[in-house]
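Step one of this worksheet: look at the structure below.
2 protein chains.
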Amino acid sequence: MGRPREFDEDRVLDAATQRFWMNGYDATSIRDLAEDAKITSASLYNAFGDKRALYRVVLDRYIRVAMLSCEEIFDGPARPVDAMTQYFDAIIEEALQDGFYKGCFVVNTAIDVAPHDADFKSAVIAVFNRIESYLRDTIAAGQADGTIKTKQPAADLARLFLGALLGLRVLARVTPDREVMKGLTRPLFALLQTA
Amino acid sequence: MGRPREFDEDRVLDAATQRFWMNGYDATSIRDLAEDAKITSASLYNAFGDKRALYRVVLDRYIRVAMLSCEEIFDGPARPVDAMTQYFDAIIEEALQDGFYKGCFVVNTAIDVAPHDADFKSAVIAVFNRIESYLRDTIAAGQADGTIKTKQPAADLARLFLGALLGLRVLARVTPDREVMKGLTRPLFALLQTA
DNA sequence: TGCGTTTTAATACAGTGGTTTTAAAACTCT
DNA sequence: AGAGTTTTAAAACCACTGTATTAAAACGCA
C-alpha cells in the first residue's frame with residue numbers, strides 16, 4: 000500500500016482555501032500553497048492533481064459547508080422571516096469578523112474565474128440558484144402563512160434578496176461596515192412586513 | 000520635438016480597457032495588451048509607465064465616463080423615481096448587450112485587485128460612495144416632493160439600491176438574464192412607491 | 001545638414017509560473 | 001527479507017512574466 004501520507008489532507012485544504020479565497024486563483028501560486036501548507040509541491044500534485052483541480056476541490060468544499068449552514072437555517076424550525084433575518088445577520092457578522100476582507104469565495108470566483116471557465120461558471124450559477132430557491136421557498140412559505148406581505152411575487156422578492164446578498168459580499172471585500180450593511184438590510188426586510 | 004507617436008493613445012486605451020475589463024489584472028499580460036493594440040511593449044512602457052500605472056489610467060478613464068453618464072441621469076431633468084429607473088434600466092440593458100460578460104470594471108476591480116492594493120481600494124470605495132450619494136440625494140429629493148415614500152430613511156434606501164446594483168453587476172458577469180434582472184428591480188422600486 | 005529628442009522594433013534579462021523528474025524514504029504484503 | 005507501491009524532497013524544465021536595453025528610425029530646430 001505504499002508510503003503513508005505525512006500531511007493531513009484537511010489541513011492542506013484549509014490552508015489552500017484561505018489563500019485562494021483571499022488572493023484569488025491567478026494571484027495564488029503553487030509555491031504559495033505549498034509553503035502555506037508546509038508540504039512540497041510534488042505532494043500537492045500527487046494528492047490533488049493540477050492547480051485547477053485543487054481549486055475545484057477547495058471551491059466544492061467551501062460550497063458544501065456554505066450550503067449546509069444555509070440548509071440549517073432555512074430547513075430549521077425558525078419561522079420564515081426569522082430564518083431570513085438569521086441568514087443575513089450571519090453573513091454580516093461573518094464579514095465583520097473576517098479581518099482579511101475575503102468576502103465570499105463563490106462571488107470572488109464568479110468575478111474572476113467563472114467568466115473564463117465553463118465548469119466553474121456552472122458551479123457558481125448552481126449555487127446562486129440554490130440560494131435563490133431557498134429564499135423563494137421561505138418567502139413563499141411566509142406568504143402562505145400570512146407572515147409575509149403578498150404584494151410582490153416570491154420569485155421577485157427572492158431575486159432581490161439574492162441581489163442584495165451578492166452586493167453585501169462585494170462590500171464585504173472592500174468596506175465591511177456594520178452600519179452600512181445593517182442599513183442596507185432594513186428596507187429590504189421592510190418589504191416583507193405585513194402592514 | 001522628437002519622433003511623433005504612430006499610435007492613437009485613445010485606441011490603445013480602449014483596447015486595454017477591453018482586455019483588463021474582460022480578463023482582470025493578473026490574467027492580462029503586457030504582451031496581450033501590446034498585441035491587442037498592435038503596438039510594441041516598449042511603446043506601452045514609454046507611453047504609460049508600468050503595468051499597474053496603465054491599469055490605473057484605464058480604470059480612471061472607465062470611472063470618468065461611468066460617472067459622467069451617472070451625472071447625466073441624476074443631475075438631469077428627470078423626476079427622482081424616473082432617474083432611478085433610467086439608471087437601473089441602463090445598467091440592465093448594458094449587461095444584456097455585452098456578449099463578453101464583462102460586468103462592471105469597478106466591481107471586478109473591487110473583487111480582485113482592491114484587496115491587495117490600497118490605492119485601488121480607495122478608488123473603488125470612492126466610486127461606491129459617489130454612487131450612493133447620487134442615489135441618496137435623488138431619493139431624498141423624491142421624499143421631499145412627495146413622490147417617494149418616506150417610511151424608510153433615504154440613507155438606508157440608497158444603501159439597498161447600491162447593494163442591489165452591485166448584485167446586478169455580479170449577476171451580469173455570470174448570467175445576464177433580463178427576466179431575473181427586471182424581477183430583481185421590481186420589488187426594489189416598489190419600496191419607493193407612495194401608497 | 002546635422003544635432004537633440006522621442007518613438008519604434010527587436011531582443012535580452014532575470015524572475016516566476018505550473019508542472020515533471022529523479023531518487024530516496026516509508027510503508028504493506030508475500 | 002525482498003518486492004512492489006506510494007509519498008516525499010530537491011531539483012530541473014521550459015514557457016511566460018514584467019521590464020530594460022540597444023540601435024535604428026523619424027521628427028523639430030539651429
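Those sequence lines, one after another, are chains A and B. Residue numbers for the first sequence follow numbering that gives the first Met the number 0, so the first one is 0 and each next one is one higher. Residue numbers for the second sequence follow numbering that gives the first Met the number 0, so the first one is 0 and each next one is one higher. In this text, a Cβ means the ideal position worked out from N, Cα and C, and glycines have one as well.
Based on Cα-Cα distance, which residue from B:Tyr133, B:Leu170, B:Val179 and B:Gln142 lies nearest to B:Leu161? The candidate whose alpha carbon is nearest that of B:Leu161 is B:Tyr133.
Beta-carbon gap between B:Pro79 and B:Gly1 smaller than 8 Å: For B:Pro79 and B:Gly1, no; Cβs fall outside 8 Å.
What residues of chain B sit near A:Gln151, judged by a beta carbon separation below 9 Å? Arg185, Pro186 and Ala189
Find the residues of chain A that neighbour B:Pro114, judging by a C-beta separation of less than 7 Å, and give them in chain order. Ordered by position in chain A, the residues that pass the 7 Å Cβ test against B:Pro114 are Tyr100 and Arg172.
Which term fits A:Asn128, buried or exposed, when burial requires 16 or more other beta carbons within 10 angstroms of its beta carbon? exposed
Pull out every residue of the region 120 to 136 of chain B whose Cβ sits closer than 8 Å to any Cβ of chain A, in chain order. Lys120, Val123, Ile124 and Phe127
Name the chain A residues that come within less than 8 Å of B:Pro107, Cβ to Cβ? Note that residue 107 of chain B is Asn in the sequence shown here, rather than Pro. Within 8 Å Cβ-Cβ: Ile110 and Asp111.
Closer than 8 Å at the beta carbon, the chain B residues around A:Ala26: Asp25, Asp111 and His115
Quick one: residues in its chain with C-beta nearer than 6 Å to the C-beta of B:Thr193, no 5 flanking neighbours on either side, listed in chain order? Lys148
Helix, strand or coil for B:Phe6, going by three-state DSSP, please let me know. coil
Return helix, strand or coil for B:Cys69, following the three-state DSSP convention. Three-state result, B:Cys69: helix.
Leaving out five residues on either side along the sequence, give the residues of the same chain with a beta carbon under 8 Å from the beta carbon of A:Phe23. Note on residue identity: the sequence assigns Gly, not Phe, to residue 23 of chain A. Counting only Cβ-Cβ distances below 8 Å, and skipping sequence neighbours, we find Asn107, Asp111 and Val112.
Among A:Ala94, A:Lys50, A:Glu8 and A:Lys181, nearest to A:Pro175 - alpha-carbon criterion: A:Ala94
Mind listing the chain A neighbours of B:Arg55? Cutoff is C-beta to C-beta under 8 Å, in chain order. Near B:Arg55 there are no residues of chain A at all, since even the closest Cβ is about 17 Å away, more than 8 Å.
Amino acids of chain B, ordered along the chain, whose beta-carbon sits closer than 8 Å to that of A:Asp81: Within 8 Å Cβ-Cβ: nothing; A:Asp81 doesn't reach chain B, min ~20 Å.
Spatial distance of A:Cys69 from A:Pro186 (CA atoms): 22 Å
To which residues of the same chain is A:Leu159 closer than 8 Å at the C-beta, ignoring the five residues directly before and after it? Leu187 and Leu190
From B:Arg60 to B:Asp74, what distance separates their C-alpha atoms? 21 Å
Could you list which residues in chain B have their beta carbon closer than 7 Å to that of A:Arg158, in chain order? Val179, Gly182 and Leu183
For the region 109 to 192 of chain A, list the alpha helix (DSSP H) runs that are entirely contained and at least 4 residues long, ordered along the chain. 117 to 143, 153 to 173 and 177 to 189
Could you work out which residues of chain A lie near B:Ala46, taking near to mean beta carbons separated by less than 8 Å? Correct list: empty, because the minimum Cβ distance to chain A is about 25 Å.
DSSP state of B:Lys50, grouped into three classes? helix
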